[in-house]
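Going down the list, the sequences are from chains Z and C. If you count the first sequence from 1, position 49 lands on 49 in this note's numbering, and the numbers rise without skipping. To get this note's numbering, take the position in the second sequence, counting from 1, and add 1000. Virtual Cβ for every residue (Gly too), placed ideally from N, Cα, C. These numbers come from a predicted model, not from an experiment. I have placed the structure first, in the form of C-alpha cells, so that the comments after it can refer back to it.
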Amino acid sequence: MKNKEKKLNKFKKSVKKLLRLKNLKKYRNDVYKKNTSKPKVSFPAFGSYNVAIAHIIEKGLNAEYVYGPETTKRTLEIGSKYSPDFVCTPFKIHLGGFIEAIEAGADTLVQFGGVCRLGYYGELHEQILKDMGYNVHFVNMANIEYYKPLTVYEEFKKINPNLDIKKAVQATLTALEMVKVIDKIEDYIRQNVGFEVNDGEFEQLHKDFLDSLESVETKKDLKFLYKLYMKKFKNIKINKPEKPIMVGLIGEYYTIMDDFSNHNMEKELAKKGIVIKRWMNLTNSVISPTRDETVTRIKNYVKYDMGATAMYTIRKAIDYAKDGCSGLIHVKSAGCTPEIDSMPVLQRISEDYKIPIIYFSFDTQTSDVGINTRVEAFYDMIMMRKEVEK
Amino acid sequence: MKKAYIGVDIGSISTKGVIIDEENNIVASEYIWTEADPIGAVKRLIATLKENFDEKKYEIVGVGTTGSARKLIGSILGANIVKNEITAHAIGTLSLYPDVRTIFEIGGQDSKIIIIDDGIVVDYAMNTLCAAGTGSFLSSQSKRLGLEVEKFGEVALKSKNPTNIAARCTVFAESDLVHKAQIGCKKEDIVAGLCKAVVTNYLNNVGKGKKIVAPIVFQGGVSKNIGVIKAFEDATNEKVIVDPNSHLMGALGVAILSKKAEPISFDFNIEEVVFETKGVECNGCANHCERICVYRDKKLIDAWGNKCDKGAIKISNN
C-alpha cells in the first residue's frame, strides 16, 4: 500500500516537472519567435547611456539590441495618451519609447527600478502594454537587489535563458567602465562647449564618440577610444575667458540627464557662453555612490533621508554656491515628490549663500517660449550682478 | 535733431508703446488692446505714436520689443533689441524708482515678482500652469458679475466685510463665487473677496519663499485696480506704490535697453506694408517642429521654431 502511494507521488512529481519544462519551452518559443532568432531587446532612452546598455545586451547576453528612435514630440504624445495623467513625465516618455521600440522591431523590453515611483514603472508599463494588445516579453529590473548578484543573474536570464555567465559579467564590467568614460567626456563638454569657436563642433564629435563606442569589445578598446577622443575634444578650438560664468544644474534624475525632457537646457545655457556644472550622472549616483558622505555634508539643512535624488540636489546646491557658481537651475518633472521636498531647503540655501535659483517643472508641454523667457531673464540677472561686482 | 527710442510691450491682452528721449522722458505713449492680432495691434500702435510726437524734432534710432509676442513684433519692426519681459520691467521700474526692492507685476496672462537689491535683480519668479491671480481671471469674473472690470476696484472699496473666496484655482474660485452669490452675499463683498483672492493666490504661488521688502512697486494692467492695491497693502502691511504709468513699465524698460544696442533707422510707415505669418511643419523627423515664417510684402524676413539644423529655413538678404 505504502509503496503504491510512493509510486503515485513519484509519478505526480514527474508530470509536474514535465509540465514545467513544457511551459518553459513554450515561453522560450515566445521569446525566440520560432526558436531561430535572438531576442530583440530595447531599453528606454536614457541620456547617452543606451550604448552601454546595448553593450551588455549584445556582448554579454548574446541578444540583439534595438535602438528606439530618438525621443520626439510623437514619443511624448503616444506615451501620454496611454499613461495615467498625473504620473511623472519620464513614465510617459518611457511608455512612448517602448511603443516606438516595438514598432522598430523589439520583442523584449527592459525597465529599471529605482527608489521613488520609478520602482513601480515596470509593473505598470508591462500591464499597459499588455492591455494595449502588444505581445512582448517584459523584464522588470526592479526585482534586482543590488547587493545580491544572484538576483541580477536571474533577471539577465529572463532576457536570454541561454546566457553565458562569464560573458555577462565581463560585458557588465566593461559597460560600467563605458559609463564612466561617457561621463568624463561629457563633463569636459559641459565645461567648454559654450566657448567653441566654430558652432557645432562639440556636438558632432560627441555623436561620433558615442557611435564609436558601439564597436567596443574589451576594456582595452575603451581605454584607446577614450584617449583618442579626449585628444580630439581638446583639439577643438575654444575661446574661454579666464573667469567664465558658471551655472549649476541640479534636480531630478531623469529630467536632468535627458535633453528632450529638460528642453535642451544645457544647450541653451551653452549658447550664452556659460560653464555648466552638473554632478548628477550615472557614475556619481550609482557606480560610486556617496550617500553617507552626502548625509553628513547636508546635516545643517536635512535631518532625515529624503529619498531619490533630493539629498544630492541639496548637497550639490551647497557645493556649487561655495564653488562660485553665479546661479542654480533646478529641473524636475511635474509632481516629482522628492524634488518638491527639496525646494524649501533650496530656498534657504539661496538665502544663506545669496545665490539665485530658478525652478522648472516640466510636463508634457512642448513649447519652449516660456522656458526661454525665464532662462533669458535668469541670464540677464546674473549678468547684472556680475557688472555690479566688477 | 534729437535722438529718440521706441519701446513696445506686446502682451496677450494689451499692447503698450512708448517713445522716449535721451533722458528717458516719455514723449509719447499709447495703450491699446491686442485682440489676438499682434501684427494689427502694433500697426495701429505705431500709427498713433507717430501722430502723438514731433517727427521734425526727433529721430528714432532704436526700437525694442518685449512681451509674449516680442519675437514676432521684433522682426516686423526691425528692432535692435528683443528682451524678455522680466528684465524689461525691472529696467523700466528702476529708471523711475531706483530704491525699489520688490516689484509685483500682474498682467493679463502671467504675473511675476522681481526682487531687487542695490539696484540689481537678485531673484524673480513667474507664474506657471495657473491663471488664477492674473488679469484675465478678474475680467472673466467681472463679466459674470455684470460689472465693468474698470469699475471693479471702486466697488471693492465699498465693502466692509470681504467674502472669502477660494484662491487656489480659477475653477474652484469661480464655483465658490457662484455659491457665495447664491447664498446672498453682497456684490461688493464678493468683488472685494475676489481682489483678495487674486492677491492671496499671487503671494502663495508667485511670491512663495520670496522675502518681500518695501519699497514695493506694483504694476501691470491689474495695478489699475484699486481694490487689488488695497488687498496687497492689507496682506503685506506695507505701502504699495503704483506709478501713473504703471502699465507702461515694460515698454519703457525695453526702450531704455534699445539705447545700448546698435542704432538703427526706423520707418513709421508700416501701415500699408503687408505682413504675413505662415506655420510650416518640418518633416525632418517625428518631432514635426512647427516653424513660423514671417513675410514682409511676400518676402521672407524671418523664421523660427525649428529645434535642430535639419529644419532651418534660409533667409536670403537681397
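Euclidean distance between Cα positions of residue i and residue j
i       : j       : result
A1167/C : T108/Z  : 49 Å
F86/Z   : C116/Z  : 15 Å
L282/Z  : S1159/C : 59 Å
K167/Z  : T174/Z  : 10 Å
E252/Z  : A310/Z  : 8 Å
T1200/C : Q1219/C : 17 Å
E196/Z  : I250/Z  : 24 Å
Y1295/C : I1039/C : 12 Å
I1006/C : F1152/C : 32 Å
G1305/C : G1311/C : 8 Å
N1064/C : G1207/C : The displayed chain sequence assigns Gly, not Asn, to residue 1064/C. Roughly 28 Å between the two C-alpha positions.
I314/Z  : Y304/Z  : 13 Å
G1107/C : A1181/C : 27 Å
K1299/C : H55/Z   : 51 Å
E1271/C : I1315/C : 24 Å
L1120/C : T1087/C : As written in the sequence, residue 1120/C is Ile, which differs from the Leu given in the question. About 10 Å.
D1309/C : G200/Z  : 10 Å
S1223/C : I1076/C : 30 Å
L225/Z  : L213/Z  : 8 Å
A1069/C : A1255/C : 16 Å
G273/Z  : K81/Z   : 38 Å
C1282/C : K1083/C : 27 Å
K1143/C : V345/Z  : 42 Å
V181/Z  : L1248/C : 53 Å
V193/Z  : V275/Z  : 8 Å
R74/Z   : N1287/C : 6 Å
E1051/C : P1244/C : 22 Å
Rounded Cβ spacing between residue i and residue j (contact assumed at less than 8 Å)
i       : j       : result
I93/Z   : T71/Z   : 6 Å
K316/Z  : T255/Z  : Their Cβ separation, rounded to whole angstroms, is 15 Å, which puts K316/Z and T255/Z out of contact at 8 Å.
V66/Z   : A104/Z  : 5 Å
V1122/C : I1115/C : 5 Å
G1221/C : G1092/C : Wrong, their Cβ atoms sit about 15 Å apart, outside the cutoff.
I382/Z  : G327/Z  : 5 Å
G60/Z   : Q170/Z  : 7 Å
G1062/C : I1264/C : 7 Å
R1101/C : V1213/C : 4 Å
V247/Z  : L269/Z  : 6 Å
K219/Z  : E177/Z  : 6 Å
I1073/C : I1010/C : 5 Å
Cutoff 8 Å; reference residue i; Cβ partners in own chain excluding five residues on either side
i       : result
L205/Z  : Y229, K232, F233 and I236
F1172/C : A1166
Own chain, CB closer than 7 Å to residue i, minus 5 neighbours either side, in chain order
i       : result
L1157/C : I1226, G1227 and K1230
S1095/C : N1024, L1252 and I1256
L210/Z  : S48 and V51
D1099/C : P1215
V1149/C : L1138, S1139 and S1142
N1164/C : G1193
Neighbourhood of residue i by C-beta, 6 Å cutoff - its chain only, sequence neighbours within 5 removed
i       : result
M141/Z  : F112, G113 and E155
E58/Z   : Y65
Y1278/C : First, the residue type needs correcting, since residue 1278/C is Lys and not Tyr in the sequence shown. Once the five neighbours on either side are set aside, the close Cβ partners of K1278/C are C1293.
G403/Z  : Beyond the ends of chain Z as shown, which are 1 and 390, falls residue 403/Z; an answer cannot be given.
K40/Z   : E64, V66, G105, A106 and D107
K10/Z   : none
S1029/C : V1018 and L1248
Next item on the list: Output, in sequence order along the chain, the residues in the region 57 to 79 of chain Z whose CB is closer than 8 Å to any CB in chain C.
Entry: P69, E70, T72, K73, R74 and T75
Next item on the list: Kindly provide the ranges of any beta strand (DSSP E) runs that are 3 or more residues long and lie completely inside the region 199 to 274 of chain Z, ordered along the chain.
Entry: Whole beta strand (DSSP E) segments, 3+ residues: 245 to 251.
Next item on the list: Taking only runs that begin and end inside the region 1081 to 1118 of chain C, name each unbroken alpha helix (DSSP H) of 4 or more residues, in chain order.
Entry: 1085 to 1096
Margin query: Could you tell me which whole alpha helix (DSSP H) segments of length 4 or greater appear in the region 1010 to 1055 of chain C?
Written below: Counting only runs of 4 or more residues that sit fully inside the region 1010 to 1055 of chain C, the alpha helix (DSSP H) segments are 1038 to 1052, in chain order.
Next item on the list: Check each residue of the region 1284 to 1301 of chain C: if its Cβ is closer than 7 Å to any Cβ of chain Z, include it; give the result in chain order.
Entry: Taking 7 Å as the Cβ-Cβ cut-off against chain Z, the residues of the region 1284 to 1301 of chain C that qualify are C1285, A1286, N1287 and H1288.
Check: Between the region 1205 to 1232 of chain C and chain Z, which residues of the former have a C-beta closer than 8 Å to a C-beta of the latter?
Finding: G1209 and K1211
Notebook entry, point to check: Going along the chain, which unbroken runs of the alpha helix (DSSP H) with 4 or more residues stay wholly within the region 119 to 175 of chain Z?
Noted result: Segments of the alpha helix (DSSP H) lying fully in the region 119 to 175 of chain Z: 149 to 159.
Margin query: At 4 residues or longer, what runs of the alpha helix (DSSP H) sit wholly inside the region 1172 to 1220 of chain C?
Written below: 1187 to 1205
Check: Could you give the uninterrupted runs of the alpha helix (DSSP H) lying entirely in the region 1238 to 1294 of chain C, keeping only those of 4 residues or more?
Finding: 1249 to 1260
Note to self: What are the residues in the region 1011 to 1036 of chain C lying within 8 Å of chain Z by C-beta distance?
What the structure shows: none
Margin query: Output needed in chain order: residues of the region 371 to 386 of chain Z with a Cβ under 7 Å from some Cβ in chain C.
Written below: T373, R374, E376, A377, D380, M381, M384 and R385
Notebook entry, point to check: Just by C-beta distance, which residues in the region 1096 to 1121 of chain C are closer than 8 Å to chain Z?
Noted result: D1118, G1119, I1120 and V1121
Note to self: To be precise: take each residue of the region 1241 to 1275 of chain C, compare its Cβ to all Cβ atoms of chain Z, and keep it if any distance is under 8 Å. Which residues remain?
What the structure shows: none
Checklist line | Residues of the region 233 to 252 of chain Z with Cβ closer than 8 Å to any Cβ of chain C, in chain order | finding: none
Check: Could you give the uninterrupted runs of the beta strand (DSSP E) lying entirely in the region 67 to 126 of chain Z, keeping only those of 3 residues or more?
Finding: 108 to 111
Next item on the list: Ignoring anything shorter than 3 residues or poking outside the region 292 to 359 of chain Z, list the beta strand (DSSP E) runs there in chain order.
Entry: Counting only runs of 3 or more, we get 327 to 333.
Checklist line | Under 8 Å (Cβ pairs) to chain Z, residues found in the region 1077 to 1098 of chain C | finding: K1083, N1084, E1085, I1086 and T1087
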